[in-house]
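Chains as they are written, first to last, in this note's numbering: chain A, 45 to 356; chain B, 12 to 535; chain C, 186 to 498. Everything below concerns the one structure shown next.
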Amino acid sequence: MTDVRLLSSVMAVEPLVPRRRRSLLRRVISNWSVRLGGGVLCVLAAAALFAPWLGTIDPTAMDPGSGNLLPGAWGDFNSLDGDVIPHWFIMGTDSLGRDIWSRALFGARVSITVGIAVALLAHVLGLCVGLTAGYFHRIDGIVMRLMDGVMAIPAILFAVSLVALFGGTLLVVIVAIAVPEIPRVARLVRSVVLSVREEPYVEAAIALDTPTWKILLRHILPNAVAPLIIQGTYVCASAILVEAILSFLGVGLPAEMATWGNIMAEGRSQFNQFPHNVLFPGVFLALTVLSVNVLGDGLRDTLDPKFNKRTE
Amino acid sequence: MRYVLTAFLFGALIMGVTRPSLAQETKVLRVVPQSDLKILDPIWTTVFVMRNHGYAIYDTLFGVDAEGQVRPQMVGEYSSSADHMKWSFALREGLHFHDGKPVTSADVIQSLKRWGERDSLGQRLFAAMASIQAKDDATFEMTLKQPFGLVLEALSKPASVPPFIMPKSVAETPSDKQIDSYIGSGPFIFKVDEYRPGERVVYVKNTKYVPRNEPASGTAGGKVVKVDRMEWVILTDAQTQTNAITNGEVDLIEWVPADQYLALKNNPKIDFANLVPKGSFALHLNRLVPPFNNVKIAQAALMTVSQEALMRAQMVHKDLYNTNASIYPTGTPYNSDKTSFFTGKPQLEKARALLKEAGYQNEPVVLLYPANFAVLNKFPPVMAALLKQAGFNVDMQSMDWPTLVARRAMKNPSTQGGWNAFITGWNIPDNVNPLFYAPITGNGEKGWFGWTTDERLETLKDEFLAVDSEAQRKALAVRIQERVYDAAVLAPLGEYKQLTAIRKEAIGGIVTSPVGVFWGITKN
Amino acid sequence: MFSFLVRRIVAIVPVLFVIALIVFMMTRFAPGDPAAAIVGNDASAENLARVRSNLGLNDSLPVQFGRWGWQLLQGSLGESFFLKKPVSELIGQRIEPTFALTVMTLVMTVLIAVPLGVIAAWRHGGWLDRMLMGLSALGFSVPAFVIGYVLIWIVALRWQLLPVQGYGRISDGIGPWLSHLILPATTLSIIYVALIARVTRAAVAEAMTEDYIRTARAKGLSETRVLTRHALANAAVPIVTVIGIGVALLIGGVVVTESVFAIPGLGSLTVDAVLSRDFPLIQGITLLFSAVYVAVNLMVDISYLVLDPRIRY
Chain A
45 MTDVRLLSSV MAVEPLVPRR RRSLLRRVIS NWSVRLGGGV LCVLAAAALF APWLGTIDPT
105 AMDPGSGNLL PGAWGDFNSL DGDVIPHWFI MGTDSLGRDI WSRALFGARV SITVGIAVAL
165 LAHVLGLCVG LTAGYFHRID GIVMRLMDGV MAIPAILFAV SLVALFGGTL LVVIVAIAVP
225 EIPRVARLVR SVVLSVREEP YVEAAIALDT PTWKILLRHI LPNAVAPLII QGTYVCASAI
285 LVEAILSFLG VGLPAEMATW GNIMAEGRSQ FNQFPHNVLF PGVFLALTVL SVNVLGDGLR
345 DTLDPKFNKR TE
Chain B
12 MRYVLTAFLF GALIMGVTRP SLAQETKVLR VVPQSDLKIL DPIWTTVFVM RNHGYAIYDT
72 LFGVDAEGQV RPQMVGEYSS SADHMKWSFA LREGLHFHDG KPVTSADVIQ SLKRWGERDS
132 LGQRLFAAMA SIQAKDDATF EMTLKQPFGL VLEALSKPAS VPPFIMPKSV AETPSDKQID
192 SYIGSGPFIF KVDEYRPGER VVYVKNTKYV PRNEPASGTA GGKVVKVDRM EWVILTDAQT
252 QTNAITNGEV DLIEWVPADQ YLALKNNPKI DFANLVPKGS FALHLNRLVP PFNNVKIAQA
312 ALMTVSQEAL MRAQMVHKDL YNTNASIYPT GTPYNSDKTS FFTGKPQLEK ARALLKEAGY
372 QNEPVVLLYP ANFAVLNKFP PVMAALLKQA GFNVDMQSMD WPTLVARRAM KNPSTQGGWN
432 AFITGWNIPD NVNPLFYAPI TGNGEKGWFG WTTDERLETL KDEFLAVDSE AQRKALAVRI
492 QERVYDAAVL APLGEYKQLT AIRKEAIGGI VTSPVGVFWG ITKN
Chain C
186 MFSFLVRRIV AIVPVLFVIA LIVFMMTRFA PGDPAAAIVG NDASAENLAR VRSNLGLNDS
246 LPVQFGRWGW QLLQGSLGES FFLKKPVSEL IGQRIEPTFA LTVMTLVMTV LIAVPLGVIA
306 AWRHGGWLDR MLMGLSALGF SVPAFVIGYV LIWIVALRWQ LLPVQGYGRI SDGIGPWLSH
366 LILPATTLSI IYVALIARVT RAAVAEAMTE DYIRTARAKG LSETRVLTRH ALANAAVPIV
426 TVIGIGVALL IGGVVVTESV FAIPGLGSLT VDAVLSRDFP LIQGITLLFS AVYVAVNLMV
486 DISYLVLDPR IRY
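Here it is, written out as structure tokens:
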């Protein structure tokens, strides 16, 4: 829709040159946003990874007798098959007696997995679509109309319909969140391809009869890497949020699974009396999404300051 | 131009804020019903909200008072022959439908016929009936060909599908099509034009209704409506409901989920009322499709029930629930502790052994989960955990309540859109005797959801209907109970007190009845 | 210019076709039998067969699509499975709250975000800029329902200022209408203010580096004039673009907000429809929203002609 303006601004970017790679990495790491966002993210990821050793119990184990304990309570956890475990309920319990701290940490695993999986899926598919559309002029029109159509359907509606129709398994949720993101990635890749295609060295390569795939791989792809990484972080953040929203509405991952959205959905009916059900996972969620967004900002500032002009 | 716009906006604002509120002239009772009313044909569904709707706009021949006694409602005089095989009924004076036409025997008979096609007790009544005929516009006679001990109970039953009386033309709608006219003869009139599914249901007082002279009690007595208008405000979120009643935006919450109990108890603006007395919950199994079509596997599932854990999870506070291993409510005549292998306490070891013996091959058990139906949504996760511990492969599927109701009607295998287990609630009149208790059927696919095939169960029920003495009925009731467990039809999960919240000092006159009735309620 | 309009409108047609195709295929390829869902209580074989032929589920897919498409072009969106009413009627009943909420959110967002972004760009690199951008990052990281619940807790329950839930129809008075909408609109706005403020800041900051700004300052124009007449005006195109794209996100946000505030709009209708697998309703709403998005973006494109005289199509 704004192809004219997009192209003109994209033309201004130079392709990355290999000999600058080392100082680039250092530049990236010394950026404040990258440090902050990346740091928090690493802590969260580590916590998710080492969850079983961080004072948690089985996140799906319930003890109706210990329902709705306030954060900080000490007590015995009586599991359904008779085990008694003394436990410090740092973040309290939900109405079925499940420990919120345990659920939140294990939920981090799900959220981070969903975020990364969605970002990867959307980018791999978007890359293919964008490369073909940008390079092969004849199918460009059709493909972009298709992408416009997909983009016109509000992402939540798309995700919600897909989950309703195909059931709420992890795979369906990931696909349902990824598909609406593909057009944006495709547009991004396509704009990069369109700009680079006109460069003299590409023309030279074509004249030398270099096979298409080599051209795509050697010359075009490296220019797309930076914007894709940045886009990837934003997609990841958005995916984590959308998953939470889907669970909150009741059309996300299975309810017994410990995900942040599910914890909040379960606790919403008692928000007035026991806000800890919603607030703790909410803080985790906000923190994760925020750190990913901040990381993305930092990457954008160092790797590709003209990023905002590429995307619509 | 800018100034004109600003002035206009200002004016509109002032007008909006100072506009007198209509509500001061008409008394509107705002109720939050337990769930959304989606289906408007009484014989099409057994959900409680339908029953409440039905009792508002329709009238019944007989009612049941607070002591459980059958009392005439639309009927004035009635009599039966000594052997109870011939019955004669006369309608009382003043009965009119909402369109002004009088209620005649022809309307009554056609309504009963339509009801008798779908309701299980109605089916039995009509199977035992030789004929039902109108003698004139106000009297009709029923002749039986077999003894049927529950004639009045059937005509008054508030359980499952009550026999509501509709105009003949409406009742002539085939029972496999939904009615499209909602004219009744009850104390409220349904305003179809203001009905917005998912948002609100509107009734107005039927000013031409002639109530009986007796005080209201249960579904019997004089149905005097003390407000001008009743609006059902559909709010599915429990938090939103609580907030709304605290703020005075609604007056009554029909069924408060237990997790709001403490908040409302400590709320100075809210009181609890007894709209409906106790009820019970039960786990229902699908005995038609695998794996529960194998009775041993089904029994193993019932053995995993831990009434204490399940009730605690759903009702939270000790004063709101009690356990009860009998299928009949505590305090009723047939309640008994002869419950076969079922104890209400989890027997996980026995269940595991039984599963092995029955040759369970890890087939999935689809447990239906009404995720946003606050009065039932804590059971399935606990039930799933209990079943898993016994070795079942549980697939708990989320859906909303109306979808669950539609899904439980499917007879396909559970992997193809069917189901294996679900949990629902019942009110006291529903399971006070084995013939009222809709789910205990043994006639396979013609029976209630779950479609158990057990001839012995059906024979016992027939015997129950045929005998004369209460002592015999009691003995049979106990045997039926044991048979229900042996055939693994269902397992009771415990009993609960249904909380109804009202705005203190604004709402009064609640009539306790086995279903939710809204006449008699006053608002200031 | 007229030919531009025509060309733009014609370009929409294939997009709408693609949307219709996607929506149709989504529901037809799902597992489970929609006919069984309707029949409910009496799922006998003859009933199922009758319903299936009523819905045309026995015909081949292209035929079904053709029939459905033809219905669409005639303005009929089909009939809801559960509620037995035409989808268009159900949508019509619920459109007012959603429309009101969306418009109010947009107005609030633009009125707050654009000035914020301009100020942040003006003080580019300063503490105000950093703080605003930090807050905005927070704004679109916290999910709408958390913001909603916190606002309800503080404003409606603690301070008792506004109603907790529901929607006041305009026909019942402007006062209730406004008071019911303020909290939900604020909840949604927080997210969009964050997004729009960022883009505004970036675009205005970019414009501020241009030569004409230096000229304007040299000419002696007041800073306000420089910011509004020159910087903002030139940054208008990307800002308006993002507002257009934001509409799609806004629709998604509306679904959640209506759920939290119990507003009987299209968003909660969607959730209901999805939870009850009511396919015609899901289809109808998705089509409607997509069409709205396409229309909004068309208007955005047309607005470029007004905002940027350099663009000639």
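We put the beta carbon where it would ideally sit given N, CA and C, even for glycine. Note that the coordinates shown come from a computational prediction; the quantities given were computed from them, not determined experimentally.
Could you name the residues of the same chain whose beta carbon sits closer than 7 Å to that of residue i, not counting the 5 residues immediately before and after it, in chain order?
i, result
"K399 of chain B", "V405"
"A370 of chain C", "L286, M289, T290 and M293"
"K472 of chain B", "P445, L446 and I491"
"G65 of chain B", "P53, P173 and F175"
"F201 of chain B", "I68, Y193 and Y214"
"W126 of chain B", "I54, G133, V172 and P174"
Residue i to residue j, Cα distance in whole Å?
i, j, result
"A403 of chain C", "A416 of chain C", "15 Å"
"M484 of chain C", "S188 of chain C", "15 Å"
"D345 of chain A", "R234 of chain A", "22 Å"
"W338 of chain C", "S313 of chain A", "13 Å"
"S347 of chain B", "G370 of chain B", "32 Å"
"L209 of chain A", "T414 of chain B", "13 Å"
"R514 of chain B", "Q345 of chain C", "17 Å"
"W255 of chain C", "T150 of chain B", "55 Å"
"I120 of chain B", "G233 of chain B", "23 Å"
"L214 of chain A", "A288 of chain A", "13 Å"
"T218 of chain B", "D479 of chain B", "43 Å"
"S46 of chain B", "A512 of chain B", "15 Å"
"V236 of chain A", "D184 of chain A", "14 Å"
"H328 of chain B", "Q252 of chain B", "20 Å"
"S139 of chain A", "A92 of chain A", "23 Å"
"V162 of chain B", "L136 of chain B", "7 Å"
Within 10 angstroms of its Cβ, does residue i collect 16 or more other Cβ (buried), or is it exposed?
i, result
"N224 of chain B", "exposed"
"S32 of chain B", "Because the pLDDT at S32 of chain B is just 45, under 50, the model does not fix this residue reliably, and the value given afterwards should be weighed accordingly. When all chains shown are included, S32 of chain B counts as exposed."
"D227 of chain C", "Residue placement at D227 of chain C cannot be trusted, given a pLDDT of 41 that sits under 50; the coordinates are not used to answer."
"P494 of chain C", "exposed"
"V168 of chain A", "exposed"
"R323 of chain B", "buried"
"E183 of chain B", "exposed"
Please list the terminal residues of the continuous alpha helix (DSSP H) segment that includes residue i.
i, result
"Y165 of chain C", "Nothing about residue 165 of chain C can be read from this structure; chain C reaches only from 186 to 498."
"I228 of chain A", "Note that residue 228 of chain A is Arg in the sequence shown, not Ile. Run containing R228 of chain A: I226 to R241, per the alpha helix (DSSP H) assignment."
"R79 of chain A", "W76 to L93"
"I359 of chain C", "I359 to M393"
"V416 of chain B", "W412 to R418"
Sorted by chain position, which residues of the same chain lie with C-beta nearer than 6 Å to residue i's C-beta, five sequence neighbours on each side aside?
i, result
"L114 of chain A", "G136"
"A34 of chain B", "At A34 of chain B the pLDDT is 46, less than 50, meaning the model places this residue with poor confidence; the figure from the coordinates comes in the next sentence. Around A34 of chain B: no qualifying Cβ."
"A251 of chain A", "none"
"A105 of chain A", "S123"
"V236 of chain B", "P198, K216 and W530"
"G450 of chain C", "R279, P282, T283 and E443"
"G340 of chain A", "I274, T277 and Y278"
Just to confirm my understanding: we take residue i, look at its own chain, exclude 5 residues before and 5 after, and list those with CB closer than 8 Å. What are they?
i, result
"V495 of chain B", "I338, I451, L468 and L501"
Determine the extent of the beta strand (DSSP E) in which residue i is found, giving its start and end residues.
i, result
"V212 of chain B", "R211 to K216"
"D147 of chain B", "M140 to D147"
"A476 of chain C", "It is not in any beta strand (DSSP E) - A476 of chain C instead sits in the alpha helix (DSSP H) that spans F464 to L492."
"A512 of chain B", "T511 to R514"
Is the Cβ of residue i closer than 8 Å to any Cβ of chain E?
i, result
"M410 of chain B", "In the structure shown, chain E cannot be found, because the protein chains are A, B and C."
Original post:
At a cut of 8 Å, does the stretch 371 to 381 of chain B reach the stretch 514 to 525 of chain B through at least three beta carbon pairs?
Top reply: no
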